Amino acid sequence: MGSDPAGHVARSTAVPDAGTAPRTPVRRFLRTADGVAVDARYEPRAAGRGSAAGHAGDPSGTSGVDQVFVIAHGFTGDLDRPHVRRAARAFARYGAVVTFSFRGHGSSGGRSTVGDREVLDLAAAVAWARGLGHARVTTVGFSMGGSVVLRHAALYGPGSGAGDVGDAGEGSGAARTDAVISVSAPARWYYRGTAPMRRLHWLVMRRTGRLVGRYGLRTRIHHRDWDPVPLSPVAAAGRIAPVPLLIVHGDRDAYFPLDHPRTLAAAAGDHGELWLEPGMGHAENAAPDALLDRMARWALAQAG
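Using numbering that gives the first Met the number 0, the first residue of the sequence shown is number 0, and each one after it goes up by one.
And the structure:
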């Protein structure tokens, strides 16, 4: 597919053959199980960038050809934001990459439910990646996306039935993930212990805040409260095994203090690994390229 001068890939009206990964970027709208149109972009693994089997860039010795990373951005982000694109480029050294905009964000339809129904958006993106022929999927989520990848892995994992998402639909096995990387995620809902999180609650729960979100942050937020309250991130972390889980958190995160990642890691037990990153702030904006590289290498190592 061609790109315009800004680097945006034109949306394709043609769907690649099932089981055949495209050799060029593809952008299209996916349809979630509850009928929301989600803007998504697929990019093949970058050629000649050190991710072939046995190359020094792949310490596991595992080929990145069948690996795809599905990246879930944070609240008020979208797939075209610079830091999401930077993360996509980093992971593309090690495998194909799918990025998408959550409902209510960017060009996607619907309204944000701040981590609840978003699990269906991620499921649609993962199923699309598998349908393109990729044998191994790693979900990578930041902040709100970090909570979504945890819950998604619990709901679509081995032996699960998408328990608290009534519209999961048929074929949810295609939406399963093989490894999970959760970055800057909360451990529990309704946390108001920091000034940024108090501001976020105002943004989500007040009509004036939602107007600011819509017109100032390009994020359309649903006015309804959660009913029922979705599975919490910490409860989800305890249900992900045997899928490997990496929890990444900065020690300068202004949103969620270190008790959040430590609680998640404790819930995950032996199937969870915790990286506390010195000097790192919050989410994809704060994740340095070297950390993204290490995360990608961790994902490939899990396949070995």
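Every residue, glycine too, gets a C-beta built ideally from N, C-alpha and C. Only a predicted model underlies this, so the values are computations on that prediction, with no experimental measurement involved.
Work out the CA separation of residue 195 and residue 269 for me, nearest whole Å.
32 Å
Starting from the Cα of residue 282, find the closest Cα among 241, 39 and 70 and give me that residue.
70
With a 10 Å radius around its C-beta and 16 neighbouring C-beta atoms as the bar for buried, classify residue 224 as buried or exposed.
exposed
Can you check the segment 77 to 125 for any beta strand (DSSP E) of at least 3 residues that lies completely inside it and give the ranges in chain order?
95 to 99
Can you have a look at residue 318 and say buried or exposed, based on whether 16 or more other CB atoms are within 10 angstroms of its CB?
For the chain, the structure presents residues 0 to 303; residue 318 sits outside this window and is missing.
Considering only the beta carbon of each residue, do residue 102 and residue 35 sit closer than 7 Å?
yes
Count the other CB atoms, across all protein chains shown, that sit within 10 Å of the CB of residue 271; report buried if there are 16 or more and exposed otherwise.
buried
Cβ atoms of residue 126 and residue 186: under 7 Å apart, would you say?
no
Tell me whether the beta-carbon of residue 37 lies closer than 7 Å to the beta-carbon of residue 68.
no
Hey, out of 264, 301, 279 and 278, whose CA is closest to residue 149's CA?
264
So what does residue 140 bridge to, in DSSP terms?
71 and 181
DSSP beta-bridge partners for residue 274?
247
Can you tell me where the alpha helix (DSSP H) holding residue 134 begins and where it ends?
No alpha helix (DSSP H) holds residue 134; DSSP gives it neither H nor E.
In three-state DSSP terms, what is residue 218?
strand
Spatial neighbours of residue 188 in its chain, beta-carbon cut-off 7 Å, leaving aside the 5 residues before and after:
228 and 231
Own chain residues within Cβ distance below 6 Å of residue 177, not counting five before or after:
135 and 136
What residues in its chain sit with their C-beta under 7 Å from that of residue 200, if we drop five residues either side in the sequence?
191
Residue 32 versus residue 98: straight-line alpha-carbon distance, rounded
18 Å
For residue 256, which residues from the same chain have a beta carbon less than 8 Å from its beta carbon, with the 5 sequence-adjacent residues on both sides left out?
192 and 193
Enumerate in chain order the residues of its own chain whose CB-to-CB distance from residue 29 is below 6 Å, with the five nearest sequence positions on each side excluded.
37, 39, 123 and 127
Pairwise C-alpha distance: residue 206 and residue 145:
26 Å
At the level of alpha carbons, what is the spacing between residue 289 and residue 182?
14 Å
For residue 73, which residues of its own chain have a beta-carbon under 7 Å away from its beta-carbon, when the five flanking residues on both sides are left out?
141, 142, 143, 144, 282 and 283
What is the rounded straight-line gap between the Cα of residue 211 and the Cα of residue 202?
7 Å
Using a Cβ-Cβ cut-off of 6 Å (strictly less than) and excluding sequence neighbours within five positions of residue 209, which residues of its own chain qualify?
220
Assuming contact is defined by CB atoms lying nearer than 7 Å, are residue 267 and residue 234 in contact in what I supplied?
no
Please name the residue or residues paired with residue 66 in a DSSP beta bridge.
135
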